[in-house]
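Colleague:
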Amino acid sequence: MPRSRTASTAARTLRIEHLLDRKTDKLSGGEMQRVSIGRAIVRKPRVFLMDEPLSALDAKLREALRTELKNLQIQLGATFLFVTHDQIEAMSMGDKVGVLNHGRIVQTGTPYEIYNNPRDTYVASFVGSPPMNLIDGKLVNGRAVMAPLNFELPFSGGAKASAATDGRPLVFGIRPEDVYLESGAPVEAHVHDVENHGVEKILTLRVGDAMLRATVPARTDVAIEQPVRFAWNPDKVVLFDKGSGVNLRHAS
Numbered sequence: 019m020p021r022s023r024t025a026s027t028a029a030r031t032l033r034i035e036h037l038l039d040r041k042t043d044k045l046s047g048g049e050m051q052r053v054s055i056g057r058a059i060v061r062k063p064r065v066f067l068m069d070e071p072l073s074a075l076d077a078k079l080r081e082a083l084r085t086e087l088k089n090l091q092i093q094l095g096a097t098f099l100f101v102t103h104d105q106i107e108a109m110s111m112g113d114k115v116g117v118l119n120h121g122r123i124v125q126t127g128t129p130y131e132i133y134n135n136p137r138d139t140y141v142a143s144f145v146g147s148p149p150m151n152l153i154d155g156k157l158v159n160g161r162a163v164m165a166p167l168n169f170e171l172p173f174s175g176g177a178k179a180s181a182a183t184d185g186r187p188l189v190f191g192i193r194p195e196d197v198y199l200e201s202g203a204p205v206e207a208h209v210h211d212v213e214n215h216g217v218e219k220i221l222t223l224r225v226g227d228a229m230l231r232a233t234v235p236a237r238t239d240v241a242i243e244q245p246v247r248f249a250w251n252p253d254k255v256v257l258f259d260k261g262s263g264v265n266l267r268h269a270s
């Protein structure tokens, strides 16, 4: 039986043209997932419900199909409801993202909103690779004092925020890309680990018993156990209530 143009287009998009004459019991798990996506495409539904459709694929194909599915959504103008545990898929493919915790939606928003203004410490620690650093402390006279680590850093949340939270138990959130190494910076740490990602390095910094992550340029010359000094961007600090874990921007 001749194949329809729609089926051929779907097969080409999913790179499964070589599988069209193969029996289903001869397909691998990843191949079966791609075939299932193709069967959904040819039906032209208004809403696609996809439960981790890329999970069994190798990394290279998964990356390619993320782009293809995004383009397909644009072409079809259909709604894609995409369930995934892979935050890269969620952040790169979603126009809107919903984060679930124990089956309950705790925050919805654009990828930018979810990343930069997490509703609570769960979202902050779940979204981002590496995730947001979360450090216990208090605001004292407009400065972030980390206890029991016994160091402090500047805070730029304004006098009103400082007055409302002065002395209150808090969790300070800062993204690794907003932690930077600098000679003469206020806090000393030791390099606990170095991950070289090509265009950047992800450092694990040890301050007392605490570990913080910092994303630095690849050219940064550091070695394990080397002492370094670091600071943060005070404009990027997020305040969370210590008891509830809720972002104070969302608390009102």
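Quick note on our numbering: the sequence shown kicks off at 19 and runs consecutively. Glycine included, every Cβ here is placed at the ideal spot set by N, Cα and C. Note that the coordinates shown come from a computational prediction; the quantities given were computed from them, not determined experimentally.
1) Where T31 and E206 are concerned, what is the direct C-alpha to C-alpha distance, given to the nearest angstrom?
2) In the structure shown, what three-state DSSP assignment does F173 receive?
3) Could you spell out the range, first to last residue, of the alpha helix (DSSP H) harbouring P129?
4) Is it buried or exposed, E35, if we count other Cβ atoms within 10 angstroms and call 16 or more buried?
5) From the DSSP output, in three-state form, read off M274 for me.
6) Compute the distance between the beta-carbons of V124 and V141, then report whether it is under 8 Å.
7) Mind checking if R231 is an interface residue toward chain C, Cβ cutoff 8 Å exclusive?
8) Tell me which residues share the same chain as L67 and place their Cβ nearer than 7 Å to its Cβ, disregarding the 5 neighbours each side in the sequence.
9) Return the CA-CA distance between G50 and Q91, expressed in angstroms with no decimal places.
10) How many angstroms separate the CA atom of R52 from the CA atom of P148?
11) Going by DSSP, what residue range makes up the beta strand (DSSP E) through A207?
12) For T139, report the span of its alpha helix (DSSP H) as first-last.
13) Please report the distance separating the alpha-carbon of L230 from that of M150.
14) How far does the beta strand (DSSP E) with V53 in it extend, from its first residue to its last?
15) With distance defined between alpha-carbon atoms, name the residue in L152, P194, D138 nearest to H268.
16) Looking at C-alpha atoms only, which residue of L118, P194, E81, N119 is the closest neighbour of E218?
17) Would D154 and A162 qualify as a contact pair, given that the criterion is a beta-carbon distance under 8 Å?
18) So what does DSSP say about A108, is it helix, strand or coil?
19) Does the Cβ of L75 have 16 or more other Cβ atoms within 10 Å, making it buried, or fewer, making it exposed?
20) Looking only at its own chain, which residues have a Cβ that is under 7 Å from the Cβ of K156, when we skip the five neighbours before and after it?
21) Identify which residue in V256, S73, A108 has its Cα closest to the Cα of K88.
22) What are the residues that DSSP puts in a beta bridge with P71?
23) Residues bridged to A249 by DSSP?
24) Just reading off the alpha helix (DSSP H) that T42 is part of, what are its end residues?
25) Report the three-state DSSP secondary structure of M19 (helix, strand or coil).
Modeller: The relevant details are as follows:
1) 52 Å
2) coil
3) 129 to 134
4) exposed
5) Past the edges of the chain, shown from 19 to 270, lies residue 274, and the structure says nothing about it.
6) yes
7) Among the chains in the structure shown there is no chain C, since it carries only a single protein chain.
8) L99
9) First, the amino acid is wrong: residue 50 is Met here, not Gly. Whole-angstrom Cα-Cα distance: 21 Å.
10) 30 Å
11) 205 to 214
12) 139 to 144
13) 9 Å
14) First-last for V53: 47 to 60, but that is the alpha helix (DSSP H), not the beta strand (DSSP E).
15) D138
16) P194
17) no
18) helix
19) buried
20) V163, A165, G185, R186, P187, L188
21) A108
22) DSSP lists no partner for P71.
23) Y198
24) No alpha helix (DSSP H) holds T42; DSSP gives it neither H nor E.
25) Confidence in M19 is poor, its pLDDT being 44 and thus under 50, which makes the residue's placement unreliable; the coordinate value appears in the next sentence. Correct three-state label for M19: coil.
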